[in-house]
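Undergrad: Sending over a structure as structure tokens; questions will come in a sec.
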Amino acid sequence: MNKVVLVTGANSGIGLALCERLLSSKDAEGLHLCLACRNMRRAEAARSALLASHSAAQVTLLQMDTSRISSVLSAARELQLRFNRLDYVYLNAGIMPNPQFDLKAFFKGLFSSNVITMLTTGEGILTQKDGVTPDGLQEVFAVNLFGHFMLIRELEPLFCRAGRTSQLIWTSSSNARRSAFSLEDVQHRKGREPYSSSKYASDSLSLAINTHYNKQGLYSSVICPGFVMTNLTYGILPSFPAFLWTLFLPLLWLIRVFINTFTLTPYNGAEALIWLFNQKPEMLDPRAKYHSLTSGLGHCYIQPRQMDVDLDTSEALYDELLQLEREVRRKQITS
Ligand SMILES: NC(=O)c1ccc[n+]([C@@H]2O[C@H](COP(=O)([O-])OP(=O)(O)OC[C@H]3O[C@@H](n4cnc5c(N)ncnc54)[C@H](OP(=O)(O)O)[C@@H]3O)[C@@H](O)[C@H]2O)c1
């Protein structure tokens, strides 16, 4: 049976690897893949690369900038014109702008009992400088979470058509930490860890979506791709050119013998995204984060781990987002 799959942030990294793997899978026949990207030049390049190895594939493009409410609303309208249903929406677009890497804390952490946590979650060594979008929202919150939330709300008519389920799949992170998130400041205006806050919020929102929409057949899941070498991670050490990272690859492979979250390639990082594509969503645990892992010998596998989420916080966040949605819609009408 034909399936329609929408992937945000599909033109590079994990999103592009997911598209490649979906088209290479045994279920690729009849698949319609829609790549939602903010930059159409990069989107065209990604589509050409996919069609070069899968010439018969149905791959279409959609312009969408998740940081702009007007862009999300017009992308959603366009999707309703093009499709009569959506089976999977991969909410994958994400940013970590102006990352500040604390070298001193890193070296100190290397010789502490916290070393594994530090290497797997970035705890204590990574902060970011956030911006503000033209809609007046904190940028990381807007791109990683709120743009996606608005998209889901707008696409409701396309979900669960003809008695079928639809799945939302968030690319979260092991950097998602409750301590970086506050219900009093969901946009993280005051702190220095907007990335961690936005990813914790997506974990929490996923739980709320399951509470509110499972009865209608809409399911939400969360994955962590592990540590993957992409534009996002290259940005953590911007003065470190990409070829130097390549020189360091043997060291990273060695670390992977001890730390299986060092998935390193976008292909490996997409493992949990592909795995979820083949699962019955009713059977999944709404409180689990599905981790892409890679063994020292390069074998990819997934592991569910319980998220640090609770119903009260997820409901309160959901209410905050609905309130913000009403405000931005009002502004859209008056502007
Ligand atoms: N790499 C890792 O180790 C890692 C670990 C944990 C989680 N993640 C998550 O994995 C996801 C994919 O990231 P990646 O590592 O594959 O990095 P990436 O190659 O930089 O991919 C990010 C994608 O998001 C898109 N994007 C950024 N801002 C956008 C906006 N305003 N509107 C629409 N699309 C936008 C980018 O488009 P442009 O090309 O136009 O910038 C790009 O396609 C992110 O959510 C990230 O947080 C990554």
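Just add 586 to the spot in the sequence shown (first one is 1) and you have the numbering used here.
Beta carbons: idealized from backbone N, C-alpha and C, even for Gly.
A quick note: this is a predicted structure, and the numbers were derived from the prediction, not measured.
(1) Give the DSSP-derived three-state secondary structure of Ala874 in the structure shown.
(2) Return yes when the C-beta of Tyr781 is under 8 Å from any heavy atom of ligand 1, and no when it is not.
(3) For Val729, count neighbouring Cβ atoms within 10 angstroms of its own Cβ and tell me buried if that reaches 16, exposed if not.
(4) Can you give me the Cβ contacts of Ser653 inside the same chain, cut-off strictly under 7 Å, excluding the 5 residues immediately before and after it?
(5) Nearer than 8 Å: is that true of the beta carbon of Ser806 relative to any heavy atom of ligand 2?
(6) Between Ser792 and Val808, which are expected to be in contact by the criterion C-beta below 8 Å, what is the C-beta distance as a whole number of angstroms?
(7) Evaluate Lys715 with the Cβ neighbour count: other Cβ atoms within 10 Å of its Cβ, from every protein chain shown; 16 or more gives buried, anything less gives exposed.
(8) Out of Gly777, Asn800, Asn588 and Ser806, state which residue places its alpha-carbon closest to the alpha-carbon of Ser788.
(9) Of all the alpha helix (DSSP H) runs that stay within the bounds of the segment 590-618, which reach a length of 4 or more residues?
(10) Alpha carbon to alpha carbon, what distance is there between Thr706 and Ala679?
(11) Once the 5 residues before and after Gln644 are set aside, which same chain residues still bring their CB inside 6 Å of it?
(12) I believe Gly812 touches Thr757 by the beta-carbon criterion, under 8 Å. Please report the beta-carbon distance rounded to the nearest angstrom.
(13) Would you be able to state if there are at least three C-beta pairs under 8 Å between the segment 592-600 and the segment 612-626?
(14) Tell me, to the nearest whole angstrom, how far the beta carbon of Thr685 is from that of Ile822; I am working on the premise that it is less than 8 Å.
(15) Based on Cα-Cα distance, which residue from Thr816, Pro872, Thr899 and Met869 lies nearest to Ala856?
(16) Using the beta-carbon count (16 or more within 10 Å), is Arg668 buried or exposed?
(17) Going by DSSP, name the residue or residues bridged to Trp756.
(18) Go ahead and label Asp871 buried or exposed: buried means 16 or more other beta carbons lie within 10 angstroms of its beta carbon, across all protein chains shown.
(19) Could you check if Val814 belongs to the surroundings of ligand 1, using beta carbon to heavy atom distance under 8 Å?
(20) If we ignore side chains and look at the alpha-carbon of each, how far apart do Val814 and Gly884 end up?
(21) Excluding five sequence neighbours on each side, which residues of the same chain lie with their C-beta closer than 7 Å to the C-beta of Ala902?
(22) Which of helix, strand or coil does DSSP assign to Ala622?
(23) Could you compute how far the alpha carbon of Lys875 sits from the alpha carbon of Ser610?
(24) CA-CA distance, Leu604 and Gln889?
(25) How many angstroms separate the CA atom of Leu602 from the CA atom of Arg775?
(26) State the Cα-Cα distance for the pair Ala614 and Ile755, rounded to the nearest angstrom.
(27) Can you tell me which residues form a DSSP beta bridge with Tyr887?
(28) Which of the three DSSP states is assigned to Thr713 in this structure?
(29) Thinking C-alpha only, which one of Leu818, Leu608, Lys612 and Cys810 is nearest Ala762?
(30) Is any heavy atom of ligand 1 found at a distance shorter than 8 Å from the C-beta of Asn761?
(31) Helix or strand or just coil, what does DSSP make of Thr847?
(32) Following the continuous beta strand (DSSP E) through Gln909, name the residue where it begins and the one where it ends.
TA: On the basis of the data shown:
(1) Taking the first residue of the sequence shown as 1, we reach residue 874 at position 288. Residue state for Ala874 is assigned as strand, using DSSP reduced to three classes.
(2) One-based indexing of the sequence shown puts residue 781 at position 195. Here the distance from the Cβ of Tyr781 to the nearest heavy atom of ligand 1 is below 8 Å.
(3) In the sequence shown, counting from the first residue as 1, residue 729 sits at position 143. Note on Val729: 16 or more other CB atoms within 10 angstroms of its CB, so buried under the neighbour-count rule.
(4) Taking the sequence shown and counting its residues from 1, one reaches residue 653 at position 67. Within the same chain, Ser653 has close Cβ partners Thr719, Glu725, Ala728, Val729 and Gly733.
(5) In terms of ligand content, the structure shown lacks ligand 2 and carries ligand 1 instead.
(6) Mapped onto the sequence shown, residue 792 falls at position 206. Mapped onto the sequence shown, residue 808 falls at position 222. That pair is a contact at about 5 Å.
(7) By one-based count along the sequence shown, residue 715 stands at place 129. Exposed, by the Cβ-count rule.
(8) Along the sequence shown, read from residue 1 onward, the residue named residue 788 stands at position 202. For the residues Gly777, Asn800, Asn588 and Ser806, the minimum Cα distance to Ser788 belongs to Ser806.
(9) Under the rule that a run must span 4 or more residues, the alpha helix (DSSP H) segments found entirely inside the segment 590-618 read 599-610.
(10) In the sequence shown, counting from the first residue as 1, residue 679 sits at position 93. In the sequence shown, counting from the first residue as 1, residue 706 sits at position 120. C-alpha separation (whole angstroms): 21 Å.
(11) Here residue 644 refers to the residue found at position 58 when the sequence shown is read from its first residue. The beta carbon of Gln644 lies closer than 6 Å to those of His618 in the same chain, with the five residues before and after it left out.
(12) For the purposes of this step, residue 812 is taken as residue 226 along the sequence shown, with counting starting at 1. For the purposes of this step, residue 757 is taken as residue 171 along the sequence shown, with counting starting at 1. The pair is not a contact, with the Cβ atoms about 11 Å apart (cut-off 8 Å).
(13) Counting Cβ pairs under 8 Å, three or more are found: they touch.
(14) To locate residue 685, count along the sequence shown from 1; it is residue 99. To locate residue 822, count along the sequence shown from 1; it is residue 236. According to the sequence provided, residue 685 is Pro. The question's Thr does not apply to it. That belief holds up - the Cβ atoms of Pro685 and Ile822 are roughly 5 Å apart, short of 8 Å.
(15) On the sequence shown, position 270 is the one that residue 856 refers to. Check the Cα spacing between Ala856 and each of Thr816, Pro872, Thr899 and Met869: the tightest is with Thr816.
(16) Here the question's residue 668 lines up with position 82 in the sequence shown. So Arg668 ends up on the exposed side.
(17) Position 170 of the sequence shown, counted from the first residue, corresponds to residue 756. Leu677 and Val808.
(18) Here residue 871 refers to the residue found at position 285 of the sequence shown. Burial call: exposed.
(19) As a working note, residue 814 is residue 228 in the sequence shown. Yes - ligand 1 has a heavy atom lying nearer than 8 Å to the Cβ of Val814.
(20) Taking the sequence shown and counting its residues from 1, one reaches residue 814 at position 228. Taking the sequence shown and counting its residues from 1, one reaches residue 884 at position 298. For Val814 and Gly884, the distance between alpha carbons rounds to 13 Å.
(21) In the sequence shown, the residue the question calls residue 902 occupies position 316. The answer, listed in chain order, is Leu769.
(22) As a working mapping, residue 622 is identified with position 36 in the sequence shown. In the structure shown, the three-state DSSP call for Ala622 is strand.
(23) The residue you call residue 875 lines up with position 289 of the sequence shown. The residue you call residue 610 lines up with position 24 of the sequence shown. For Lys875 and Ser610, the distance between alpha carbons rounds to 25 Å.
(24) The sequence position of residue 604 within the sequence shown is 18, counting from 1. The sequence position of residue 889 within the sequence shown is 303, counting from 1. Looking at the backbone, the Cα of Leu604 and that of Gln889 are separated by about 18 Å.
(25) Within the sequence shown, residue 602 is the residue found at index 16, counting from 1. Within the sequence shown, residue 775 is the residue found at index 189, counting from 1. If you take the alpha carbons of Leu602 and Arg775, they lie about 31 Å apart.
(26) Residue 614 sits at position 28 when you count from the first residue of the sequence shown. Residue 755 sits at position 169 when you count from the first residue of the sequence shown. Straight-line Cα distance between these residues: approximately 18 Å.
(27) What you label residue 887 is simply residue 301 of the sequence shown in a count that begins at 1. Looking at the DSSP output, Tyr887 sits in a beta bridge with Leu879.
(28) Position 127 of the sequence shown, counting from 1, holds the residue named residue 713. Looking at Thr713 - three-state DSSP - the assignment turns out to be strand.
(29) Along the sequence shown, read from residue 1 onward, the residue named residue 762 stands at position 176. Selected option, being the one with the closest Cα: Cys810.
(30) Translated into the one-based positions of the sequence shown, residue 761 becomes position 175. Relative to ligand 1, the beta carbon of Asn761 is positioned inside 8 Å of a heavy atom.
(31) In the sequence shown, residue 847 corresponds to position 261, counting from 1. In this structure, DSSP gives Thr847 a state outside helix and strand, which the three-state scheme calls coil.
(32) Position 323 of the sequence shown, counted from the first residue, corresponds to residue 909. Counting along the chain, Gln909 falls outside any beta strand (DSSP E), though it belongs to the alpha helix (DSSP H) covering Leu897 to Thr920.
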